[in-house]
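Undergrad:
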Amino acid sequence: MLTLAALHEANIARQAAWCPDETKQPSLSFRGNELAGETGEACNVIKKLERERHGWAGSRDTLEHLGEELADVVICADLCAITAGVDLQAAVVAKFNATSEKVGLPHRLDPSLNLGALIFGFHMRDMLSDSDPVVAAGAANALAERIVAFLTKGSA
Ligand SMILES: [Mg+2]
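Residue numbers (the working numbering): 4 to 159.
#1: Out of curiosity, what's the CA-to-CA distance linking Ala45 and Glu25?
#2: Pick out every residue whose C-beta is nearer than 7 Å to a heavy atom of ligand 1: which are they, in chain order?
#3: Can you tell which of Lys105, Leu108, Asp90, Gly107 has the C-alpha that lies nearest to the C-alpha of Pro114?
#4: Looking at the secondary structure, which residues open and close the alpha helix (DSSP H) in which Leu91 lies?
#5: Decide if Arg63 is buried, meaning its Cβ has at least 16 other Cβ atoms within 10 Å, or exposed.
#6: Assuming contact is defined by CB atoms lying nearer than 8 Å, are Val137 and Leu7 in contact in what I supplied?
#7: Measuring alpha carbon to alpha carbon, tell me which of Ala13, Thr86, Asp81, Ala19 ends up nearest Glu41.
#8: Which ranges would you report for the alpha helix (DSSP H) in the segment 25 to 73 if only whole runs of at least 4 residues count?
#9: Roughly how many whole angstroms lie between the Cα atoms of Gln28 and Val48?
#10: Within 10 Å of its beta-carbon, does Arg111 have 16 or more other beta-carbons around it, so buried, or fewer, so exposed?
#11: In three-state DSSP terms, what is Leu5?
#12: Give the straight-line distance between the Cα atoms of Gly54 and Leu38, rounded to the nearest whole angstrom.
#13: Within 8 Å of any Cβ in chain C, is that where the Cβ of Asn36 sits?
#14: From Asn14, Ala84, Leu66, Gln18, pick the residue whose C-alpha is nearest to that of Gly35; which is it?
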C-alpha cells in the first residue's frame, strides 16, 4: 500500500539515478517551477472538463488524464520537500489538522495512518454517503491490519 514515506524513498532513489552529478542537483527554484508546471497541467485538464460540462466548443480531456496530472503534482510536491529538507508527511498531518481546528471541524489525520487507507477511506465515505472519511480510513486501516495478521499468523 502506498504511503508518503514510500513515495519519498522512491523519489530519492530515482532522482539519484536521474541526476547523478552531485555538482548539478536540481535547486528549489527548479523544483518550484516544476511543481507550478504540473499544477498548470492539471488545471488545464480541469478547464477542458469544465468546458465540456458547459457544452462549450473546444478541446476535451479525461478524468484519467486529470489523475495523471494530479499524480505529477503530488510527486513534485514531494520533490520540493526533499530539496527543501521538509518532512512532507508530518507537514500534511499538521496542516490538515490545523485547518480543521481553524474552521471548527472535528476531522483529524492520524500520523500513523497510511495514505492508501486514507484514500480507501474517502472512497468508503462516498459509498456510505455521510460517513467521516478519517473514521472510514481508520476502519480501513484496522481492517487491513487484521487481514495482514490473519494472512501471516492464521488468525484475525
Ligand atoms: Mg504532467
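Every residue gets a Cβ at the ideal spot worked out from N, C-alpha and C, and that includes glycine.
TA: According to the structure shown:
#1: If I take the Cα positions, the gap works out to 31 Å.
#2: Here the residues come out as Glu41, Glu44, Glu71, Glu72, Asp75.
#3: Distance check between Pro114 and each of Lys105, Leu108, Asp90, Gly107 places Asp90 closest, using alpha-carbon atoms only.
#4: For Leu91, the enclosing alpha helix (DSSP H) covers residues 91 to 106.
#5: Exposed, by the Cβ-count rule.
#6: No; because the gap between Cβ atoms is not below 8 Å, this pair is not in contact.
#7: The shortest C-alpha separation from Glu41 is found at Asp81.
#8: If one requires a minimum length of 4 residues, the alpha helix (DSSP H) runs lying completely within the segment 25 to 73 are 31 to 57, in chain order.
#9: Straight-line spacing of the CA atoms in Gln28 and Val48 works out to 30 Å.
#10: Exposed, by the Cβ-count rule.
#11: In the three-state reduction of the DSSP assignment, Leu5 falls in the coil class, being assigned neither a helical nor a strand state.
#12: Checking the sequence shown, residue 54 turns out to be Arg, not Gly. When rounded, the distance between both Cα atoms is 24 Å.
#13: The chain labelled as chain C is not found in the depicted structure, where only one protein chain is given.
#14: Among Asn14, Ala84, Leu66, Gln18, the Cα nearest to that of Gly35 belongs to Ala84.
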